[in-house]
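Residue numbers (numbering that gives the first Met the number 0), protein chains in the order written: chain A, 0 to 440; chain B, 0 to 226.
Working notes, beginning with the structure itself.
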Amino acid sequence: MSNDLASLGLRESATYDRATIHAIQRAAETGVYDIRGWGAKRKLPHFDDLLFLGASMSRYPLEGYREKCDTDVVLGSRYAKSPLHLDIPVTIAGMSFGALSARAKEALGRGASEAGTSTTTGDGGMTPEERGQSRHLVYQYLPSRYGMNPDDLRKADAIEVVLGQGAKPGGGGMLLGQKITDRVAGMRALPVGVDQRSACRHPDWTGPDDLAIKIAELREITDWEKPIYIKVGATRTYYDVKLAVKAGADVVVVDGMQGGTAATQEVFIEHVGIPILAAIPQAVQALQELGVHREVQLIVSGGIRNGADVAKAMALGADAVAIGTAALIALGDNHPRYDAEYRALGSAAGYYDDYQEGRDPAGISTQDDELAARLDPAAGGRRLANYLRVMTMEAQTLARACGKSHLHNLEPEDLVALTIESAAMARVPLAGTSWIPGGGL
Amino acid sequence: MEALIDSVQVDLAETEVRDLNSALHSPGSKAWRVANPLGKHSIACGLDAPLTVDIDGHVGYYCAGMNQHASVTVHGNAGVGVAENMMSGTVRVHGNASQSAGATGHGGLLVIEGDASARCGISMKGIDIVVGGSIGHMSAFMGQAGRLVVCGDAGDALGDSLYEARIYVRGTVTSLGADCVEKPLRPEHLAELADLLAAAGFDHDPAEFRRYGSARQLYHFRVDNAY
């Protein structure tokens with residue numbers, strides 16, 4: 000169709016492209032702002048803009064399938080009595096029961112456990128399905144405190160204090176009424192069917208000094224056993240990471256603006272926060288200046304899709320990564336088999352982002368029992384485990400090519416950038432030069 | 000005096016809070032008395048048994064946080080977030096409480112005999128809170144469930160963005176927050192208020208109070224709400 004129009008000499012405006020025109024028309028017709036799921040869809044500087052310098056004359060590679068290249072990671076060794084020891088550095092990010100079906104949460108737990116990694120609750124509490132199927136479960140401590148209780152806190156393997164997420168730093172969550180079923184409402188102590196707004200700030204502390212006291216309380220309640228993470232959306236990352244360390248975090252999680260959400264205003268998703276590529280060097284610099292890089296582990300997320308992204312994030316200094324959107328795709332989200340149903344909803348396979356509506360044909364971002372039944376948690380878990388294994392093997396392939404016997408041995412020196420923007424953000428040289436644009440902070 | 004004799008005595012001038020909490024989390028004595036709290040944080044938090052804990056003096060942040068089943072009494076003032084996220088049991092503060100008292104509490108009874116500061120009962124989810132004096136601004140913000148009883152006055156923006164928590168105030172309210180309105184005090188409310196006052200040990204006439212709750216106009220997103 001577009002080719003036909005081009006042959007007529009028609010030219011689409013770069014400023015007012017079809018999506019922009021549609022957004023204006025939709026706003027004019029409805030009078031409400033657009034709420035959707037997924038993450039930022041705009042083109043951003045990303046890991047694709049980086050390349051590895053494989054070994055040759057001056058470096059010594061490791062044999063592809065045979066030589067040792069370890070992938071394990073320990074999270075929470077700073078203060079916790081029982082840090083997490085994961086087989087792979089790819090974790091599952093926090094996604095709520097409510098946003099996702101209970102079966103989807105179970106599938107995430109099954110897949111993560113099979114691959115030897117952790118999964119994470121979300122803004123809605125811990126379900127028995129999820130706890131039962133997750134070998135390593137991180138329990139999120141959010142501003143809303145929906146479903147927060149000391150019994151589940153003690154059942155958790157780690158606690159993640161969430162200050163924000165990449166899709167909406169500075170904003171609280173939302174879950175629209177069609178997904179607030181009896182069970183979801185019961186867990187959150189909310190009226191059934193209400194358009195739920197989660198608080199954007201914590202109710203009982205107001206700054207990093209208070210947060211230090213809050214974290215100490217959580218440690219007291221759990222007898223200092225659990226690692227405590229602090230998660231922030233990527234914005235003023237250098238300062239946020241320093242303050243998180245000061246507040247006593249065992250692990251800092253930085254989520255870039257490509258990170259997904261179940262429901263947020265489109266304007267928020269696309270216009271707040273910074274790409275993860277720009278955030279990682281800031282976080283690493285903060286940790287290094289405090290002398291705690293590797294002692295306080297860094298998990299990064301927001302657009303991690305494959306083993307190359309994993310390896311590049313780790314080369315920039317992360318200890319592990321987290322995936323959310325990609326994990327849902329592995330479960331079956333946006334699969335072509337549902338294309339006709341996506342189109343009936345005004346979308347298409349590969350484009351579907353209306354997680355807030357609860358009508359997900361793949362049965363993942365829904366509370367509708369019939370739709371949810373489409374996802375077999377065991378089969379979904381196997382797909383996720385396969386995907387996690389592929390990502391890990393891909394990252395190992397790249398690490399071996401760089402001569403590294405552990406993914407953690409990857410370093411910025413292994414990378415170059417394809418664009419000036421990515422070189423400046425990632426603080427690695429533009430390919431073929433020794434030039435790192437920009438002066439850092 | 001009998002309680003003093005039967006209680007395990009802990010002096011926080013000599014014992015770390017961490018050791019006290021560890022002991023309170025372990026099976027053992029049901030009655031405890033804590034001396035010299037010295038404003039320390041997280042005293043008696045995470046209790047999960049029908050213990051009785053008396054604290055002689057002022058406590059810092061998060062005293063009796065996430066309490067389940069226990070009865071904790073502060074014979075002094077309490078810092079930020081006393082009884083935060085309480086699930087059950089009773090927490091009583093003989094003095095005043097700082098901000099966020101009873102924040103996100105799911106159950107149990109919190110009694111503050113003096114005043115409470117800002118954000119009292121913020122995001123409350125089923126807890127009952129009775130304040131003998133007055134409360135500060137933004138109290139019961141986003142309150143979801145439970146009852147907040149104020150025998151004195153309430154500050155600005157009471158009950159902002161309220162869900163289903165019910166608020167009773169005997170004195171004046173500086174201002175109501177978004178979507179919070181005064182509602183009729185019907186017989187069932189007088190009855191539950193009488194029960195709450197009795198449980199807290201106050202003898203005010205329930206008819207002297209006014210009831211506030213959600214107008215439920217913010218329950219669904221509309222363009223008019225997008226200010």
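Even glycine gets a Cβ: it sits at the ideal position worked out from N, Cα and C.
Because the structure is a prediction, the values reported are computed rather than measured.
Alpha carbon to alpha carbon, how far is residue j from residue i? Give it in angstroms, no decimals.
| i | j | result |
| --- | --- | --- |
| ASP209/A | GLY247/A | 11 Å |
| SER421/A | ALA39/A | 17 Å |
| THR365/A | GLN8/B | 53 Å |
| ALA92/A | LEU162/A | 14 Å |
| GLY108/A | VAL252/A | 20 Å |
| VAL130/B | ARG218/A | 29 Å |
| GLY142/B | MET86/B | 15 Å |
| LEU99/A | GLY379/A | 13 Å |
| GLU1/B | ALA199/B | Caution is warranted here: a pLDDT of 45 is assigned to GLU1/B, below 50, making its placement in the model unreliable, and the coordinate value is therefore given only provisionally. Near 23 Å, if we compare the C-alpha coordinates of ALA199/B and GLU1/B. |
| VAL299/A | GLN164/A | 11 Å |
| ILE34/A | THR263/A | 5 Å |
| LYS80/A | LYS403/A | 30 Å |
| ALA111/A | TYR351/A | 24 Å |
| GLY94/B | ALA156/B | 24 Å |
| SER133/A | GLY121/A | 14 Å |
| TRP223/A | GLY36/A | 36 Å |
| HIS74/B | ALA423/A | 58 Å |
| ALA261/A | THR205/A | 26 Å |
| GLU15/B | HIS201/A | 28 Å |
| ARG153/A | GLU11/A | 57 Å |
| ALA446/A | TYR237/A | In the structure as shown, chain A begins at 0 and stops at 440. Residue 446/A is therefore absent and cannot be evaluated. |
| ALA425/A | ARG32/B | 56 Å |
| GLY97/A | LYS124/B | 18 Å |
| PRO376/A | PRO26/B | 39 Å |
| ALA339/A | PHE51/A | 40 Å |
| GLU28/A | HIS21/A | 10 Å |
Helix, strand or coil: which one does DSSP assign to residue i?
| i | result |
| --- | --- |
| ASP489/A | Examination of residue 489/A is not possible in this model, given that chain A is present from 0 through 440 alone. |
| GLN281/A | helix |
| GLN264/A | strand |
| GLU340/A | helix |
| ILE121/B | coil |
| LEU141/A | coil |
| ASP173/A | According to the sequence displayed, residue 173/A carries Met and not Asp. Strand. |
| THR205/A | coil |
| THR180/A | coil |
| LEU414/A | strand |
| PHE220/B | coil |
| ALA319/A | strand |
| TYR237/A | helix |
| PRO168/A | coil |
| ARG10/A | coil |
| ALA242/B | Here chain B comprises residues numbered 0 to 226, so residue 242/B is not present and cannot be evaluated. |
| GLU159/A | strand |
| ILE275/A | helix |
What span of residues does the beta strand (DSSP E) with residue i cover, start to end?
| i | result |
| --- | --- |
| ASP10/B | 7-10 |
| THR118/A | 117-119 |
| LEU330/A | Per DSSP, LEU330/A belongs to no beta strand (DSSP E); it is in the alpha helix (DSSP H), 324-330. |
| GLN296/A | 296-300 |
| ALA250/A | Looking at the sequence provided, one finds Val at residue 250/A rather than Ala. Note, VAL250/A: beta strand (DSSP E), 250-254. |
| GLU128/A | Where GLU128/A is concerned, there is no enclosing beta strand (DSSP E), although the alpha helix (DSSP H) it sits in stretches over 127-132. |
| ASP55/B | 51-55 |
| GLY36/A | 34-37 |
Which residues bound the alpha helix (DSSP H) around residue i?
| i | result |
| --- | --- |
| HIS21/A | 17-29 |
| ILE419/A | 419-425 |
| GLN395/A | 376-400 |
| LYS230/A | Careful: LYS230/A lies outside any alpha helix (DSSP H), inside the beta strand (DSSP E) at 227-232. |
| GLY93/A | GLY93/A -> no alpha helix (DSSP H), and no H or E assigned at all. |
| ARG17/B | 16-23 |
| VAL309/A | 306-314 |
| ALA114/A | 101-114 |
> What are the complete beta strand (DSSP E) segments, minimum 3 residues, inside the stretch 129-209 of chain B?
Replying inline: 144-149, 165-168 and 179-182
> Touching or not, the stretch 8-24 of chain B and the stretch 39-59 of chain B, by the rule of three or more beta carbon pairs under 8 Å?
Replying inline: yes
> Are there three or more Cβ pairs, one per stretch, closer than 8 Å when the stretch 116-136 of chain B is compared with the stretch 167-181 of chain A?
Replying inline: no
>> Measuring CB atoms only, is the stretch 307-316 of chain A touching the stretch 356-365 of chain A, in the sense that at least three cross pairs come out at less than 8 Å?
In response: no
>> I'd like the ranges of any beta strand (DSSP E) spanning at least 3 consecutive residues and lying wholly in the stretch 72-103 of chain B.
In response: 89-92
> Quick check: the stretch 411-429 of chain A against the stretch 320-329 of chain A, are there 3 or more CB pairs under 8 Å?
Replying inline: no
> Taking three-plus beta-carbon pairs below 8 Å as touching, is the stretch 196-213 of chain B in contact with the stretch 161-179 of chain B?
Replying inline: yes
> Using 8 Å as the Cβ pair cut-off and three pairs as the minimum, do the stretch 71-85 of chain B and the stretch 96-103 of chain B touch?
Replying inline: yes
>> Assess contact between the stretch 231-242 of chain A and the stretch 284-297 of chain A, defined as three or more Cβ pairs (one per stretch) separated by less than 8 Å. Is contact present?
In response: yes
> Is there contact here, the stretch 143-160 of chain A with the stretch 122-130 of chain A, by at least three beta-carbon pairs under 8 Å?
Replying inline: yes
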